[in-house]
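One structure is given here, and the rest of the page talks about it.
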Amino acid sequence: MQRCLQLAKNGFGTTSPNPMVGCVIVLDNQIIGEGWHQKAGKAHAEVNAINSVKDKTLLAKATLYVSLEPCSHFGKTPPCSDLIIENNIPKVVIGTVDPHSKVAGKGIEKLQNAGIFVEVGVLEKKCREINRRFFTFHLQKRPYIVLKWAESADGFLAPLYKEKTQPVWITNVYSRQLVHKWRTEEQGILAGTATVLADNPNLNARDWNGENPVRIVLDRSGKIPANFAIKNKTQKTIIFTEQEILSTDENCIYENTIFDNQLIERICAFLFTLEIQSILVEGGAKTIKSFIEAGLWDEARIFKGSTLFQEGTKAPLIKGTLKSKQIINKDELLILTKP
Numbered sequence: 010m011q012r013c014l015q016l017a018k019n020g021f022g023t024t025s026p027n028p029m030v031g032c033v034i035v036l037d038n039q040i041i042g043e044g045w046h047q048k049a050g051k052a053h054a055e056v057n058a059i060n061s062v063k064d065k066t067l068l069a070k071a072t073l074y075v076s077l078e079p080c081s082h083f084g085k086t087p088p089c090s091d092l093i094i095e096n097n098i099p100k101v102v103i104g105t106v107d108p109h110s111k112v113a114g115k116g117i118e119k120l121q122n123a124g125i126f127v128e129v130g131v132l133e134k135k136c137r138e139i140n141r142r143f144f145t146f147h148l149q150k151r152p153y154i155v156l157k158w159a160e161s162a163d164g165f166l167a168p169l170y171k172e173k174t175q176p177v178w179i180t181n182v183y184s185r186q187l188v189h190k191w192r193t194e195e196q197g198i199l200a201g202t203a204t205v206l207a208d209n210p211n212l213n214a215r216d217w218n219g220e221n222p223v224r225i226v227l228d229r230s231g232k233i234p235a236n237f238a239i240k241n242k243t244q245k246t247i248i249f250t251e252q253e254i255l256s257t258d259e260n261c262i263y264e265n266t267i268f269d270n271q272l273i274e275r276i277c278a279f280l281f282t283l284e285i286q287s288i289l290v291e292g293g294a295k296t297i298k299s300f301i302e303a304g305l306w307d308e309a310r311i312f313k314g315s316t317l318f319q320e321g322t323k324a325p326l327i328k329g330t331l332k333s334k335q336i337i338n339k340d341e342l343l344i345l346t347k348p
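Just so it is clear: in the sequence shown, position 201 is 210 by our numbering, and no numbers are missing.
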């Protein structure tokens, strides 16, 4: 199963909205086939693993290990459980049950009804962890939410004054490149009005090779000018506003909503309908605080730089479980999880 998890991670950033899955086929303590799900719409891990076995007669004596329950329904590809049954594989070991309502135990049941011995729950915690975005989306009906910010050594997000409409960098170039890598790993990136007006950000992944996230912007009263980067239509953008619905097209969607104490819940509900499984919330202070106060976050990634501002916009306060701490050049990166 550990090998299944290693294989599954090869699909990180390319399988969404599908989960990452790895599969290994074993006979007499030797791996005779393996595979992983590479991209949504393409063959699942079990299919790739079975296809990799040159002598298919061996499958009738083998054990198939897979990190997530085999599917039992027709989607963009046929059910993996049917393929396992057709190849007379006698034993299947599963890391964890699939939370998707179309599967959720049905694949296991189909295998058992066909006389296959099924074992479930091997390295289950690790199998759920690598697909935490997928599990959060299907079980909590909202995206997996990562809060990210950089703060000065004295605890400020931004100085009191600045001369230009562009970011004031707290972190070094290596930390900033890491953030762009993160942007390719989440489906959406969210920022508030104040941050967009102050920095005019592109909210893309220009410093890393990968897909740009969907830009999600809060603009209650339409303060963001038309010539700002987030309205350049180079990537899909969703703008939440209280204004009357403006001209909407495929790459610029306006969503009318009320900016009250239920705003964050409504944003999450709307993103769920669009099947956006994860978002990176990059600012500003008021927006991040709103997610913290609503209790709607899963990870917080906090950079602490060596810069001193002495006064300015205070960094958010958050309580979480420290998952890791690392030094990137002279920056400190803390990653917290929600307790």
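Note that the Cβ used here is the ideal one computed from N, Cα and C, for glycine as well. Keep in mind it's a predicted model, so treat the numbers as computed, not measured.
Distance CB(residue i)-CB(residue j) smaller than 8 Å
i: E259; j: R229; result: no
i: A203; j: K295; result: yes
i: S110; j: Q286; result: no
i: F146; j: K323; result: no
i: N96; j: L77; result: no
i: E291; j: F279; result: no
i: I139; j: L14; result: yes
i: H46; j: V30; result: yes
i: K150; j: F281; result: yes
i: I233; j: L289; result: no
i: H53; j: T23; result: no
Per-residue burial, residue i [other beta carbons within 10 Å of its own, 16 or more giving buried]
i: D64; result: exposed
i: L92; result: buried
i: W178; result: exposed
i: D163; result: exposed
i: G44; result: buried
i: L169; result: exposed
i: A235; result: exposed
i: F126; result: exposed
i: N60; result: exposed
i: R142; result: buried
i: I254; result: exposed
Option in the options with minimal Cα separation from residue i
i: N38; options: S110, T23, V127 and Y74; result: Y74
i: L16; options: C32, G22, P26 and T24; result: C32
i: P210; options: K173, L132 and I103; result: K173
i: L342; options: T180, Q121 and L283; result: T180
i: A113; options: P79, Q121 and I327; result: P79
i: P152; options: N270, I225, G293 and I125; result: I225
i: K70; options: N60, P99, K48 and H46; result: P99
i: I154; options: E160, C261, E194 and I103; result: E194
i: N213; options: A235, K157, T257 and H189; result: H189
i: I9; options: K347, E302, L227 and L289; result: Here the chain has residues from 10 to 348 only, and residue 9 is not among them.
i: W217; options: V205, A238, W191 and S81; result: W191
i: I34; options: N19, E55 and A238; result: E55
i: L272; options: K347, E302, L283 and I254; result: E302
i: Q319; options: K18, N122, E160 and T66; result: E160
i: G219; options: G20, I94, Q121 and D269; result: G20
i: D340; options: S315, R275 and E253; result: S315
i: D269; options: F249, K135, K334 and L283; result: F249
Nearest-angstrom Cβ-Cβ length linking residue i and residue j, presumed shorter than 8 Å
i: V106; j: I117; result: 7 Å
i: C261; j: L305; result: 25 Å between Cβ atoms; not a contact.
i: P222; j: Q196; result: 6 Å
i: K51; j: S90; result: No, K51 and S90 are not in contact; Cβ-Cβ is about 18 Å, not under 8 Å.
i: I311; j: S184; result: Actually they do not touch by this definition, with Cβ atoms about 11 Å apart.
i: L156; j: A309; result: 4 Å
i: L345; j: K332; result: 6 Å
Query raised in the report: Do the segment 324-340 and the segment 239-247 make contact, defined as three or more Cβ pairs closer than 8 Å?
Result: no
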